[in-house]
Amino acid sequence: MAHFSKGPNYRTPFGKNEFLRSTQDIKTESFTVDNTTVPAVAVDGVNQKVLQPGTVMAKITASGKIGPYQADAADGRQLAANIVGLNYTFLPWQLNERDVEVSVVKEARVVMAWCIFYDTGDVAGETYSAVTSTEAAYMTPGNASTGEDVAILFY
Numbered sequence: 139m140a141h142f143s144k145g146p147n148y149r150t151p152f153g154k155n156e157f158l159r160s161t162q163d164i165k166t167e168s169f170t171v172d173n174t175t176v177p178a179v180a181v182d183g184v185n186q187k188v189l190q191p192g193t194v195m196a197k198i199t200a201s202g203k204i205g206p207y208q209a210d211a212a213d214g215r216q217l218a219a220n221i222v223g224l225n226y227t228f229l230p231w232q233l234n235e236r237d238v239e240v241s242v243v244k245e246a247r248v249v250m251a252w253c254i255f256y257d258t259g260d261v262a263g264e265t266y267s268a269v270t271s272t273e274a275a276y277m278t279p280g281n282a283s284t285g286e287d288v289a290i291l292f293y
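Reading the sequence shown from the start, the letters are residues 139 to 293 in the working numbering.
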């Protein structure tokens, strides 16, 4: 008879964040993520630079690359006018090595509570926070504070 026995090396549940309410009428654009802007998080005791789908992304003023939106950043990612949309590409380890091309959602219907952003500085062990109505307002259709053409409907 088959049996299941747990070994001594338990793994942390790890997977892709889902944030879309609907997959209909999604519009995306390609950007390059600056790997130095993504903080490392511990996954099974190993620091990994993980970029989850649904992360609010903003343009870095000096380089034109993007990184996760952070209110306390000093490179342009803290500005509402630099928000380019929500990350659509799951990167579980690639940012440890290099900058990576990603797809960013510019128009879609999403669940606000499933969208995330970094709320503290670039330190290891940093956690995500759910997007609030303040961050969501920067990405809604017709918002004058966002310089990019972002039109995301939050539910």
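The beta-carbon is built from N, C-alpha and C at its ideal position, and this holds for glycine as well.
The DSSP assignment places no complete alpha helix (DSSP H) segment of no fewer than 4 residues inside the segment 147–195.
For Arg-236, no pairing in a beta bridge is given by DSSP.
The Cβ atoms of Ile-221 and Ala-196 sit closer than 8 Å to each other. Remark: fewer than three beta-carbon pairs, one from each stretch, lie closer than 8 Å, so the segment 235–250 and the segment 205–219 are not flagged as touching. Shown here, Ala-251 sits in a helix according to DSSP, grouped into three states. Rounded to whole angstroms, the Cβ separation of Phe-228 and Gln-186 is 12 Å, and the two are not in contact under 8 Å.
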